Structures are given as structure tokens and as C-alpha cells.
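Enquirer:
There are 2 protein chains.
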Amino acid sequence: MAEKKTAPSPSPSQDLTLGKVRDALIRQEDSIVFALIERAKFPLNAPVYDPSFFPQFGGRSLAEAYASEAEALQAKVGRYQNPEEVPFFPDDLSVPSIIPYNFPQVFHPASASVNVNDAIWSMYFNELLPLITVKGDDGNYASTAAADLMCLQALSRRIHYGKFVAEVKFRDAPQDYTKAIQAKDTDTLMKMLTFATVEEMVKRRVKKKAMVFSRNVTLEDKNCDVEVECKVDPSVVSRLYEQWVMPLTKDVEVQYLLRRLD
Amino acid sequence: MAEKKTAPSPSPSQDLTLGKVRDALIRQEDSIVFALIERAKFPLNAPVYDPSFFPQFGGRSLAEAYASEAEALQAKVGRYQNPEEVPFFPDDLSVPSIIPYNFPQVFHPASASVNVNDAIWSMYFNELLPLITVKGDDGNYASTAAADLMCLQALSRRIHYGKFVAEVKFRDAPQDYTKAIQAKDTDTLMKMLTFATVEEMVKRRVKKKAMVFSRNVTLEDKNCDVEVECKVDPSVVSRLYEQWVMPLTKDVEVQYLLRRLD
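Which chain is which? The protein sequence lines are A and B, in order. Under UniProt numbering, the residues of the first sequence are numbered 1 to 262, in order. Under UniProt numbering, the residues of the second sequence are numbered 1 to 262, in order.
#1: Tell me whether S31 of chain A is buried or exposed, calling it buried when 16 or more other Cβ atoms sit within 10 Å of its Cβ.
#2: Against Q255 of chain A, what residues of chain B qualify as contacts under a CB-to-CB distance less than 8 Å, listed in chain order?
#3: Since P87 of chain A and E64 of chain A should fall inside the 8 Å C-beta cutoff, what is the C-beta to C-beta distance between them, to a whole number of angstroms?
#4: List, in chain order, every chain A residue whose beta-carbon is nearer than 8 Å to that of I98 of chain B.
#5: Tell me which residues share the same chain as residue 264 of chain B and place their Cβ nearer than 6 Å to its Cβ, disregarding the 5 neighbours each side in the sequence.
#6: Looking at the structure shown, is R259 of chain B part of a helix, part of a strand, or coil, going by DSSP?
#7: Can you tell which of A:F125, A:K250, A:R60, A:L219 has the C-alpha that lies nearest to the C-alpha of F164 of chain A?
#8: Starting from R157 of chain B and walking both ways along the alpha helix (DSSP H), at which residues does that stretch end?
#9: Taking 9 Å as the cut-off, decide whether the C-beta atoms of A166 of chain B and V254 of chain B are in contact.
#10: Compute the Euclidean distance between the alpha carbons of R171 of chain A and T197 of chain B, then round it to the nearest angstrom.
#11: Are at least three pairs of beta-carbons, each pair with one atom in the segment 115 to 122 of chain A and one in the segment 146 to 161 of chain A, less than 8 Å apart?
#12: In the DSSP assignment, find the alpha helix (DSSP H) that holds K184 of chain B and state where it starts and stops.
#13: Exposed or buried, what is residue 312 of chain B when buried is set at 16 or more other beta-carbons lying within 10 Å of its beta-carbon?
#14: Give the range of the alpha helix (DSSP H) segment to which G58 of chain B is assigned.
#15: What does DSSP give as the partner residue(s) for R204 of chain B in the beta ladder?
#16: Would you report the Cα separation of G58 of chain B and L73 of chain A, rounded to the nearest angstrom?
#17: Measuring straight from C-alpha to C-alpha, what distance separates L219 of chain A and E85 of chain B?
#18: With three or more C-beta pairs closer than 8 Å as the rule, is the segment 135 to 142 of chain A touching the segment 36 to 55 of chain A?
#19: Exposed or buried, what is I181 of chain B when buried is set at 16 or more other beta-carbons lying within 10 Å of its beta-carbon?
#20: May I ask you to report which of helix, strand or coil DSSP gives N102 of chain A?
#21: Quick check: the Cα distance between N140 of chain A and K184 of chain A, rounded to an integer number of angstroms?
#22: To the nearest angstrom, report how far apart V29 of chain B and P109 of chain A are at their CA atoms.
#23: What are the boundary residues of the alpha helix (DSSP H) that W121 of chain A is part of?
#24: Looking at the C-beta of L129 of chain B, does it have a partner C-beta in chain A at a distance below 9 Å?
#25: Measure from the C-beta of K169 of chain A to each C-beta in chain B and report whether the shortest distance is under 9 Å.
#26: Quick check: the Cα distance between R79 of chain B and I132 of chain A, rounded to an integer number of angstroms?
#27: Is the Cβ of W244 of chain A closer than 9 Å to any Cβ of chain B?
#28: Got a sec, what are the start and stop residues for the alpha helix (DSSP H) Q243 of chain B sits in?
Printed below as a string of C-alpha cells:
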């Protein structure tokens, strides 16, 4: 039997350090890029997003109807017992039918419910999707909706990891944050959570990941640091992080911290 | 707005040539490797596969219960209207609730129903899964079952593409195949469909894809032709193709051809 090369990184909730949280964030970049590449296999498939196209979904688009029902099914088998997972349709969820797993609860109770999925949903469909798909309709509506949900869930998990970032940063220096939290000073908190050089590096890394993962791999090519035919435009992935993923993550962090002393 | 670099390849069913079918097969290698990497994020999570662990699923494992219900949901939004998609639980499917999309029907009617999903299911859980996961239980049962289904669907789509391969090869040289089909000469058909040098190249390419896509991409590294820490063992992916994907694809091709004159 072949040896496994690397063990999956443990969830940071089991051992909360900034290093663990960063490793998880870096790993999640891969999942986001994979999901975008898989969505870009299909053209836009506009009927999936038109609530009037399939009247049987009661005013919802196929994408909404599918995501809501898929989340309900995943809730039934326990997905949202893990505090890392945040649903898009929390009102439609089934009660889990399985014995709860004992996930470590590391979030401050008043902060745990921070949820920016509405903003993620709107950003994904209105801004991102037209940038990663070509126009057209190939009829693969179910696969398209499933690929959209993979992207949304990967983005949501990444952005809500801001809760771990905020918790670990608060624990490391509670005195530094307390004054700004008590003053509800959002601007100062945002400044404390912003590291321009780190953000620049993340943007460059995700762009490179898009380049490496979305290339047409052949037996001949050796250098993966050149931009060849890409299934997803690397500069779009960089822009996704700059304009949406990192700002929304910081929104999560600020919202989390503002409730951290409640 | 950024330019899209490459348009998705049209489905071969819209323009059936061996070149188109091969392009689709090559693109699907990426999907399979991505899915395996995403599954390997989680440890084995054995309770997902134990029918006695969650008695509420009526004798099914969580993996079976999830896959069956997820397929039913996807069927409702039209997944199996596309002849490229083959369900694992055909008896549990919902009737599609959407207007049928007019997918081109290119398969010979008597051959269209070839389905080796039982063999794929058994290979995936009994052989492959222990090779790509580490032992352990992190409680992410729902995400694990969802990741398993992504792998299974990617493998099933790839293997059942053998129907396209068989149809296009038959159309290109009906006289060559007819005698063997009429004699039900499975051995001769298998020989006619086997190209050792092509298979060797495919094995090397999927190994390289596993190396490229499962590496920890950093801003520094440039050469992607060296095996560094991999999230999925490249030699396992090569073995997956050698031992299971390519033989099962040829089984599909032979079964398809055996009914091609009915």
C-alpha cells in the first residue's frame, strides 16, 4: 500500500494558534481555486439564476432551490454541527438526524453567530460568476447548481474563518482590543486587523495557484510559473481575494470582536 | 472585465469525434484529481461507512443514505437528463421537475443503459479510499460523504465516457467491429480497444497532474515537475487509472459494443 504523503491538517478549533489558522486558510485557497475551475467547465447557464424560468420553485431560482435543499440534506447528516460551517439558508435546515459529534466550541458565544453569507451570495452571483464563465447554455443545470454550491461553501468557510482569526488575535492581546471594542471603534479595529504586506502576498499566491491548478498539464511542461492557457483567469482569482474575500473576512473579524465582550 | 482564457469544451455529444472525446477525457482527469485531493482533506471517518453506526438510515451507511438522497435532489433538477451522467441509486431517483433540455442522444438505444456504477462504488470504498486517506475521525461526516460523492461522480462520468469512445470507434469502422460483436467475442473486442502506449501515457499524465495539483504551492517554487509534499500520492492516482479506471472504461466499451447491433 502506498504511503500517504501528508496528513490533513487538524482543524484549528482543536488547537487554536495563529499558525494553525493560517495553515487552514492557505489550504482553503486550493479548495476555492478547484471549485472555481470546476464551475468554469460549464458556461453561465443563465436559466439556473432566473426565478421565472422554473416556476415550480415557488419564486426561487433553480440555484436557490438546489442550494437550500442540498443544505437541508447536509444538515440532516450533521454538517452544521461543525462551527466552521455556516449555512446560506438557515431557516430551511433539517434537524440533524445523527448523534452530535463533540466539536470543540472555541468561539465566544455572543460572537459565534456572525454570518455574512448574504453578502457572499450576492457577490458570487452578481460579480464573480460573470468573470469566470463564458456566455452560453449547455443544459447542465443540476451540475451547474452543484458546482455553484461548492464555490459558495468554500468561500463561506474561508471568509467565516475570520472568527478563528479574531478569536486567536483577541486571546493573544486582549488589552489591545478591549478599548476599541468598548468604544465600538470599527475603524481602529479594521486597522488593527489589516496587514498590507500579508494581503499582497496572499493575492500573489492565489493568483499563482490559479495558474498552477488551471493549466492544461502535459507530460512535457516543467515550469509552472508561467501563465499558459488557464481554465480560470488568475487575475480574477487575485481580484476575488482583494475585493471580496479579504474585505469580507475582515468584516467577519470586526463583527466578531464587537461582540467579544458581550 | 478580465478576459476568459479558454472556453469550456463542448460536450462531445454535440459533435462526436474521437478528438473531442479525448479532450473531454483529459479534462475529466483534472476533476478526478481535484475531487481526490478534496476528499483527502478529511481522515477516513469510518463511521460514515458503517451501516450499524447510524441506525436511522435503515440499514444503509451514512455515505449510502447521503449519496442516494443527493442523487434524488440532483435528479429533480435534471442531472440525469444528460446521458453523460449515470446514477448510483437509479431506483431512488425523483422525477425531474424541470423542462427537459434537449441533450443530443448519440448512443445506440440498446447500449445506452450500460452501468458499471456498482463496480465503481465497490472499488472506491474498498480499494481506493484507504489509499488516499489517513486513519482517524474528525467528525466531518457530512462533508466527507459530500466529498465521496464528488469523487464517485467524477469517476463514474469518466468511466461511462467509454460509451462515447465505443460509439465513435464503431462509427469510424463498423465493419471491423461487426464480426466480433456478432460472435460475442469479448477478447477480440478488448484487444481492439487496447492501446498500451496510450494507456502508459495516460498513467504518466494523471500522475503528473496529482503532483502538480496536490503540491503546496508557494511563491518561490517554479518547477512543478518534481514531487514535493503531495496531498494525494501521485502513484496512487496512476494506479487508480491502471487498475480500475482504464479497465472499467474498457468494460463499458465492450458491453456497449456487444449491444451495438441489437
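Backbone N, C-alpha and C fix where the C-beta goes; we use that ideal spot for every residue, glycine too. Treat the numbers as computed from the prediction; the structure is a model and nothing was measured.
Expert: With the structure as the only source:
#1: Counted from its first residue, the first sequence places residue 31 of chain A at position 31. Buried.
#2: Residue mapping note: residue 255 of chain A aligns to position 255 of the first sequence, counting from 1. Those within 8 Å of Q255 of chain A in chain B number zero; the least Cβ separation is about 25 Å.
#3: Here residue 87 of chain A refers to the residue found at position 87 of the first sequence. Here residue 64 of chain A refers to the residue found at position 64 of the first sequence. Actually they are not in contact, since the Cβ atoms of P87 of chain A and E64 of chain A sit about 13 Å apart, beyond 8 Å.
#4: Here residue 98 of chain B refers to the residue found at position 98 when the second sequence is read from its first residue. By Cβ distance, chain A contributes F54, Q56, L62, Y141.
#5: Outside the shown range of chain B (1 to 262) lies residue 264 of chain B, about which nothing can therefore be said.
#6: Within the second sequence, residue 259 of chain B is the residue found at index 259, counting from 1. DSSP places R259 of chain B in coil when its eight states are reduced to three.
#7: Here residue 164 of chain A is taken as the residue at index 164 of the first sequence, counted from 1. It is A:K250 whose Cα lies nearest to the Cα of F164 of chain A.
#8: Within the second sequence, numbered from 1, the residue matching residue 157 of chain B stands at position 157. 141 to 160 is the extent of the alpha helix (DSSP H) around R157 of chain B.
#9: In the second sequence, residue 166 of chain B corresponds to position 166, counting from 1. In the second sequence, residue 254 of chain B corresponds to position 254, counting from 1. Closer than 9 Å, so yes.
#10: Position 171 of the first sequence, counted from the start, is the residue given in the question as residue 171 of chain A. Position 197 of the second sequence, counted from the start, is the residue given in the question as residue 197 of chain B. Taken atom to atom, the span from the alpha-carbon of R171 of chain A to that of T197 of chain B is near 59 Å.
#11: yes
#12: Taking the second sequence and counting its residues from 1, one reaches residue 184 of chain B at position 184. Note, K184 of chain B: premise wrong, no alpha helix (DSSP H); not H, not E.
#13: Within the shown structure, residues of chain B are numbered from 1 to 262, placing residue 312 of chain B beyond reach of any answer.
#14: Mapped onto the second sequence, residue 58 of chain B falls at position 58. Run containing G58 of chain B: none; DSSP gives neither H nor E here.
#15: As a first step, residue 204 of chain B is located in the second sequence; it is residue number 204 there, counting from the start. Paired residues: none, contrary to the question.
#16: Against the second sequence, residue 58 of chain B aligns to sequence position 58. Against the first sequence, residue 73 of chain A aligns to sequence position 73. Cα to Cα, the separation comes out at about 16 Å.
#17: Looking up residue 219 of chain A in the first sequence gives position 219. Looking up residue 85 of chain B in the second sequence gives position 85. Approximately 29 Å, taken between the alpha carbons.
#18: yes
#19: To locate residue 181 of chain B, count along the second sequence from 1; it is residue 181. When all chains shown are included, I181 of chain B counts as buried.
#20: For the purposes of this step, residue 102 of chain A is taken as residue 102 along the first sequence, with counting starting at 1. Looking at N102 of chain A - three-state DSSP - the assignment turns out to be coil, as it is neither helix nor strand.
#21: Within the first sequence, numbered from 1, the residue matching residue 140 of chain A stands at position 140. Within the first sequence, numbered from 1, the residue matching residue 184 of chain A stands at position 184. C-alpha separation (whole angstroms): 48 Å.
#22: As a working mapping, residue 29 of chain B is identified with position 29 in the second sequence. As a working mapping, residue 109 of chain A is identified with position 109 in the first sequence. Just to set this straight, residue 29 of chain B is Glu in the shown sequence, not Val. Rounded to the nearest angstrom, the two C-alpha atoms are 44 Å apart.
#23: As a working note, residue 121 of chain A is residue 121 in the first sequence. Segment 117 to 123, the alpha helix (DSSP H) holding W121 of chain A.
#24: On the second sequence, position 129 is the one that residue 129 of chain B refers to. By this cut-off, L129 of chain B is not an interface position.
#25: Within the first sequence, numbered from 1, the residue matching residue 169 of chain A stands at position 169. Chain B contact via Cβ: absent.
#26: On the second sequence, residue 79 of chain B is found 79 positions in, with the first residue counted as 1. On the first sequence, residue 132 of chain A is found 132 positions in, with the first residue counted as 1. Roughly 22 Å between the two C-alpha positions.
#27: Looking up residue 244 of chain A in the first sequence gives position 244. Cβ-Cβ to chain B under 9 Å: no for W244 of chain A.
#28: Looking up residue 243 of chain B in the second sequence gives position 243. Careful: Q243 of chain B lies outside any alpha helix (DSSP H) and carries neither H nor E.
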